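Using our numbering, the first residue of the sequence shown is number 10, and each one after it goes up by one. Beta carbons are placed, not taken as given, at the ideal position from N, Cα and C, and that holds for glycine. All figures in this text were calculated on a predicted structure; none of them were measured in a lab. Inspection log for the structure reproduced underneath, given as C-alpha cells.
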Amino acid sequence: LNLGVGFKVPVSDGEKIKHGIGNGANEFRVVILYHDHIGRFGFCNHLFYNWRSEADRVSDWKFSGQDLTDRLNYKLNLEFDLLGSGILETALGAVGWFDIENVELAEGFENKDLDGMKAHNHAVMPGIEFKPFGEEYEHRKFALKLRIPYSVKANYTPDYTWIAIAMWTF
C-alpha cells in the first residue's frame, strides 16, 4: 500500500486550452495505490482524489471561469499469470472517474448538457501484458488493452479505445 501526492502545473495558453489541452486550473491529487499478488493472481489498484480550482478565463471558450468540481478517479485491476512465470498475464480492469459535486457550467452555457448533473466516465479494460524480465521487474512491461465505456455523462462522446503501453521504471 502506497500513498502519493501530486500537483498539476496548469496550461496557461488560451489557444491550447480551447483546443482541449488542459483547462488552466490548478489541481492537487492524493493517491492511494495497492499492488499485491496471491498465487497467480495480481491486484493493481489505485484511488485518487482531485482537488480542482477554477478553469482559466479564456475568451470564446465555453468553460471559461467555470468552478471545476472535485473528482474521484479509480482503477481496479485483476491480473492472471498465464504461464506461471510472471512473463505473460491477462488483465481485466474497471477504470473511471466521477465528479463529487454537480457541474455548474460557466455563464451563458447553463441548462445545456451537463449543467446540474454529476459528470462521470466508467469503462472496463481487458488486456494482455508481456513482462520480459518476469514478476521481479513488474513495472518493465508492454501491454495492449481495450477500453470499453459502459457509463458516461461528460462533455464528449465515449468510444472504444485501443491502448498500447510501454512501461519501463527504474
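Open item on the list: Please state the DSSP three-state secondary structure of Y169.
Closed with: coil
- [ ] Compute the beta-carbon to beta-carbon distance between V39 and F52, rounded to the nearest angstrom, for a pair I have assumed lies under 8 Å.
- [x] With 8 Å as the limit, V39 and F52 do not qualify as a contact, their Cβ atoms being about 20 Å apart.
Task: Beta-carbon proximity list for L77, same chain, < 8 Å, skipping 5 on both sides - done: N32, A34, R61, S62, E63, A64
Open item on the list: For a test of the three-state rule: what should DSSP assign to G29, helix, strand or coil?
Closed with: coil
TODO: Measure from the alpha carbon of R74 to the alpha carbon of each residue in G105, L97, I26, then state which is nearest.
DONE: It should be noted that the sequence gives Gly, not Arg, for residue 74. When each option's Cα is compared against that of G74, the closest is I26.
Open item on the list: Quick check on the DSSP output: the beta strand (DSSP E) that includes F139 runs from which residue to which?
Closed with: 129 to 139
TODO: Give every residue of the same chain whose Cβ lies closer than 6 Å to the Cβ of D90, excluding the five residues on either side of it in the sequence, and list them in chain order.
DONE: R49, E98
Open item on the list: What does the Cβ neighbour count give for M176, buried or exposed, with the cut at 16 atoms within 10 Å?
Closed with: exposed
TODO: Would you mind stating whether A103 and K84 have Cβ atoms separated by less than 9 Å?
DONE: yes
- [ ] Compare the beta carbon distance of F151 and H131 with 9 Å and say whether it is the shorter of the two.
- [x] no
- [ ] Let me know the beta strand (DSSP E) ranges lying completely inside the stretch 38 to 98, each 3 residues or longer, listed in chain order.
- [x] 50 to 61, 80 to 90
Open item on the list: If you follow the beta strand (DSSP E) that F151 is in, where does it begin and where does it stop?
Closed with: 149 to 162
Task: Buried or exposed by the 16-neighbour rule on C-beta atoms within 10 Å, applied to F139 - done: exposed
Open item on the list: If you reduce the DSSP assignment to three classes, tell me which class E113 lands in.
Closed with: coil
- [ ] Grab the span of the beta strand (DSSP E) containing N11 for me, first residue to last.
- [x] 11 to 17
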